[in-house]
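Number of protein chains: 2
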Amino acid sequence: MPDTADTQAFLTRAIAAGRGEVPADLVIRNARLFSVMDGSVTDTDIAIVGNRIVGTHAHYRGEREIDAGGRMVVPGFIDTHLHVESSLVTPLEFDRCVLPHGVTTAICDPHEIANVLGVEGIRYFLDASERMVMDLRVNLSSCVPATAFETAGARLEIGDLEPLRSHPQVIGLAEFMNFPGVLNRDPAVIAKLAAFQEGHIDGHAPLVTGLDLNGYLAARIRTDHEATTAQEAREKLAKGMSVLIREGSVSKDLEALAEILTPDTASFVCLCTDDRNPLDIAEEGHLDSMIRRLIARGARPQDAYRAASWSAAMAFGLRDRGLVAPGWRADLVLLDDLEECHVHSVIAAGRPVDDAAFAGRAPLAPVGLTSVHLRKISAEDFRVPADAANERAVIGVVPGRIITERLSRSLPVEAGAVAADPAQDVAKVAVVERHGRTGGIGRGFVSGFGLTRGAIASSVGHDSHNICVVGVDDAAMAIAVNRIADLQGGFVVADETGVTAELALPVAGLMSVEPFETVRHALEELRAAARALGCTLDEPFLQVAFLPLPVIPHLKITDKGMFDVDRFALLDS
Amino acid sequence: MPDTADTQAFLTRAIAAGRGEVPADLVIRNARLFSVMDGSVTDTDIAIVGNRIVGTHAHYRGEREIDAGGRMVVPGFIDTHLHVESSLVTPLEFDRCVLPHGVTTAICDPHEIANVLGVEGIRYFLDASERMVMDLRVNLSSCVPATAFETAGARLEIGDLEPLRSHPQVIGLAEFMNFPGVLNRDPAVIAKLAAFQEGHIDGHAPLVTGLDLNGYLAARIRTDHEATTAQEAREKLAKGMSVLIREGSVSKDLEALAEILTPDTASFVCLCTDDRNPLDIAEEGHLDSMIRRLIARGARPQDAYRAASWSAAMAFGLRDRGLVAPGWRADLVLLDDLEECHVHSVIAAGRPVDDAAFAGRAPLAPVGLTSVHLRKISAEDFRVPADAANERAVIGVVPGRIITERLSRSLPVEAGAVAADPAQDVAKVAVVERHGRTGGIGRGFVSGFGLTRGAIASSVGHDSHNICVVGVDDAAMAIAVNRIADLQGGFVVADETGVTAELALPVAGLMSVEPFETVRHALEELRAAARALGCTLDEPFLQVAFLPLPVIPHLKITDKGMFDVDRFALLDS
């Protein structure tokens, strides 16, 4: 509401409608309003003018009326941390996929596209946010690249971020994952933190504890989604953080953290998905599934719904939303069942969410359609020369976690090269630089995929999004990587004879241009193809995608080589 | 921290100290940290750099160390709504008087001085806030004058307020007491509301309920301190307001509202004093006494302390304070006793609160020293001519409340004039315009003071601060009013022979230039003098001061005459 006269006219109408003197724009009749404050239920109409609730606890007339049929109404859900890119679809498709699950606000970090395209990628999300039905809020990617030990497509310094700071959709600085840079007071890190002291700084501090956590928090970092145990979450809560319980497609912390959500903590706990793909969204849901599971594990409904709405709004300074009450933003979810969190329908900023709402959005041209720059790769590129060492460091994948273990295995040597060993469940892993900068390839080994033949490759490889490939066959690895280059990004499963399944992700090598239903179908085919190669993981592509993430303990791999996160150094350095 | 280089240097030091690598500026050793989240207690040191907490839950070394001796530590208290003027001392004396009670943040509305001096008065408070040890935040007085039915010294329109909106100490718009103007969509009111839609708008809606409350809230008014019954407070809570429990010197709502503070509502309830004089502060305390009484009435300590700190900070968007945790503002209260809220000592923005802290403040010259403009008043000015009416409307004072009753009494007629009647406990009341504008006098009757002779008068007369005088003797009333003019403002008790007690309030006719201890002593003498005239009220001057407040039901008086708040019209109109 930038124009003064418009705002005044809106207020005049809102007050008159709130008093019942004139019809509201929209009235939800016959609703049962559930209070996230105390769990009470009130039979009422809900009157809306523009994007604002103007009346509850009363009967109203409206230009348009929707009969809630006695359904429960709760505030719209706020996903406090996610990467839209992980949905593998464009922001406008994400909107269409996730908003019907009740998520009326999503706070995203365009970190993936920023690592490929820099500021152009962030601007793409800000442009999208102006077109979406959902309110997409943006935290500015704070750590691009995440570390100096990898090659990204872009580098964002404070000078790049400052011009975006005052954009109305920008909240603050996104997950500050370079926690070693904070603790060591790296000047470029300090410059970013200093520029956002008056705004919000989101955290990312896995396993950071004790004095290190204090030092990190002294920078005024306030929220964190990386706690994976209740003990870790409790320390963060006790030290004034709002803890974001995360349940993504690969990082699943809800089971471990459900116990921290109590009547006392409900104002300090939020929910987020971080990274979730459209197959999971279809099969399990989004925040709705988290609310359902939290209640099933003993949370009081008002605490689960408060965490999903008001607490999230407060934690991130979104002071216009989080309650169903007069004067608050008209983000509502109508439920068929409160405990099950079965979403019947959604109102976003006063607009019923339906096909017409999505169809009415202005289109947005995709960006970054030629972002994969790669020479032709051959099987020889994946050769690991044997040396004196008998034991090799091996990344231990943990199903459903992005934290890895550091293993050690004695591996077979064939023709002077160290080979994968399916008998020990050890595959080869490589990260191929694809931004057209170094052309470098990091090589290593990984255990836990169960592959007995072939390879799987992805141009999604957090956070620099080089191409990551896991395989037991160098030729299949080359086939998969070269196919990704042809597609300008994607997921590929290949065996020694060729590609067996694929999904093109040509938007910065991260997102499809197809509808989410198409992507969901392709993911099912990819899963089946991976299983056919022996893969035992539920989410092989997400687990591949996180192998290069050098800010998550303990052993990772980048285009520069295997990376010891605990020492924060390349393995051979 | 406006300077970038300074902020960066501060952050570098804060992080290093948080990690324990360098000594902190100040360490509170041997503390027991009480959690307003869950009531847990942790033995710990608390490390502070500058105005920020950098470490808890650990041992620290500091350049300066204070041994808490095992005392409990809680976050500094936030008074969410008060008028400094009601303390009868200047802002710097208020600081010295109230901060030692643990109130590290006070959100004031300089409404009284603004009614006398306009923007100059608000600027005086903003200038004071830059000198005080306590953090004084200012909400901009929204309704000056409060109504068109009185004569104030100034008028503030949106054009006067907008230049102050971005001042760093300004939160938003202060208590929007002109609720009829909101409900009737008065254009000048709408202009003010529209200009602050992105900021905070504080409410003031006594007895406003149902559809009217919805209309009021549709303007995005979010907080209210005028609920006087639990039922009224519950409706406001249910409709998304943060409810401020108020316990002033005259408006005392804690007894009635204590029951609304529960584990479920603790995040939505705040505390405030609104109007409290230094005698009460000395005898009872400030927010500390409210916390003590809430706990005594059954509130869990964590809920009472949460309402006094974190909930208040969230409700008013003060996102840097409200918890004792790394990264949060170093506002701390050390307690000798948690349940009794016995304050031992206070840290404000990292500075121990002691005589040296107050002595170090830059002085501030008082303003408005010649604000009382009055012709010589005689007994004849208070004559109420008799007419045909047998019954007279009489304001019924309710001890300890600012709401009044509308009574009707048959009064004696002497020499063609209606007289006060001590036998029925009916005194005369008059409001004398004193801004040099109209010289008008409103006359009427009031019951409940118990006066048997003499008069008491005050230049504090909410909100226009004309001179209000209550007496049973026209001559004594004239003596009292004329003495106030000589003093350029004050409280005076007089009988037929002359002045028997007085306190000069020459700063805009509202505040003393003396230390609060001197004012406290004068108030004791004034109380005794009023009692000697038969006065039965505990707080005669505060009850006088609220008789002219035409935004509080039910019957009031202004310089234009008796005012029916329910009809929102002068009595004879």
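If you're matching them up, the sequences are chains A and U in order. 1 is the number of the first residue of the first sequence in this note's numbering; add one for each residue after it. 1001 is the number of the first residue of the second sequence in this note's numbering; add one for each residue after it. All C-beta atoms, glycine included, are put in the ideal place defined by N, C-alpha and C.
Helix, strand or coil for residue i? Go by DSSP, reduced to three states.
| i | result |
| --- | --- |
| residue 649 (chain A) | Residue 649 (chain A) falls outside the range modelled here, since chain A spans only 1 to 573, and no answer is possible. |
| residue 405 (chain A) | strand |
| residue 1457 (chain U) | strand |
| residue 144 (chain A) | coil |
| residue 1477 (chain U) | helix |
| residue 1433 (chain U) | coil |
| residue 1005 (chain U) | helix |
| residue 19 (chain A) | coil |
| residue 1120 (chain U) | helix |
| residue 486 (chain A) | helix |
Could you tell me whether the Cβ of residue i comes closer than 8 Å to any Cβ of chain U?
| i | result |
| --- | --- |
| residue 568 (chain A) | no |
| residue 426 (chain A) | no |
| residue 222 (chain A) | yes |
| residue 277 (chain A) | no |
| residue 37 (chain A) | yes |
| residue 4 (chain A) | yes |
| residue 115 (chain A) | no |
Against chain A, with Cβ distances strictly below 8 Å, would residue i count as a contact?
| i | result |
| --- | --- |
| residue 1057 (chain U) | yes |
| residue 1508 (chain U) | no |
| residue 1008 (chain U) | yes |
| residue 1319 (chain U) | yes |
| residue 1314 (chain U) | yes |
| residue 1482 (chain U) | no |
| residue 1217 (chain U) | yes |
| residue 1214 (chain U) | yes |
Show which residues of chain A have a CB atom less than 7 Å away from the CB atom of residue i.
| i | result |
| --- | --- |
| residue 1012 (chain U) | 185 and 190 |
| residue 1210 (chain U) | 58 |
| residue 1072 (chain U) | Ordered by position in chain A, no residue passes the 7 Å Cβ test against residue 1072 (chain U), which lies about 16 Å from the chain. |
| residue 1267 (chain U) | 267 |
| residue 1020 (chain U) | 211 |
Find the residues of chain U that neighbour residue i, judging by a C-beta separation of less than 7 Å, and give them in chain order.
| i | result |
| --- | --- |
| residue 239 (chain A) | 1056, 1057, 1325 and 1326 |
| residue 193 (chain A) | 1011 |
To the nearest whole angstrom, what separates the beta carbons of residue i and residue j, a pair I think is in contact under 8 Å?
| i | j | result |
| --- | --- | --- |
| residue 214 (chain A) | residue 1055 (chain U) | 4 Å |
| residue 1287 (chain U) | residue 1039 (chain U) | Actually they do not touch by this definition, with Cβ atoms about 19 Å apart. |
| residue 142 (chain A) | residue 174 (chain A) | 5 Å |
| residue 271 (chain A) | residue 308 (chain A) | 5 Å |
| residue 1512 (chain U) | residue 1144 (chain U) | About 23 Å; that fails the 8 Å criterion. |
| residue 1535 (chain U) | residue 1449 (chain U) | 6 Å |
Along chain A, in chain order, which residues have C-beta atoms closer than 8 Å to that of residue i?
| i | result |
| --- | --- |
| residue 1050 (chain U) | None at all; the shortest Cβ gap to chain A is about 10 Å. |
List the DSSP bridge partners of residue i.
| i | result |
| --- | --- |
| residue 1075 (chain U) | U:1332 |
| residue 201 (chain A) | A:173 |
| residue 352 (chain A) | A:347 |
| residue 1385 (chain U) | U:1417 |
| residue 1247 (chain U) | U:1252 |
| residue 1139 (chain U) | U:1172 |
| residue 445 (chain A) | A:428 |
| residue 556 (chain A) | A:563 |
| residue 1181 (chain U) | According to DSSP, which records beta bridges pairwise, residue 1181 (chain U) is partnered with nothing at all. |
| residue 284 (chain A) | Paired residue(s): none; residue 284 (chain A) is not in a bridge. |
| residue 1291 (chain U) | Paired residues: none, contrary to the question. |
| residue 396 (chain A) | A:405 and A:447 |
| residue 410 (chain A) | A:391 |
| residue 167 (chain A) | Answer by DSSP bridge pairing: none, since residue 167 (chain A) is not bridged. |
Under 8 Å Cβ-Cβ, which residues of chain U neighbour residue i?
| i | result |
| --- | --- |
| residue 182 (chain A) | 1015 |
| residue 264 (chain A) | 1037, 1038, 1039, 1263 and 1302 |
| residue 62 (chain A) | The premise fails here: residue 62 (chain A) is roughly 14 Å from chain U at the closest Cβ pair, so nothing lies under 8 Å. |
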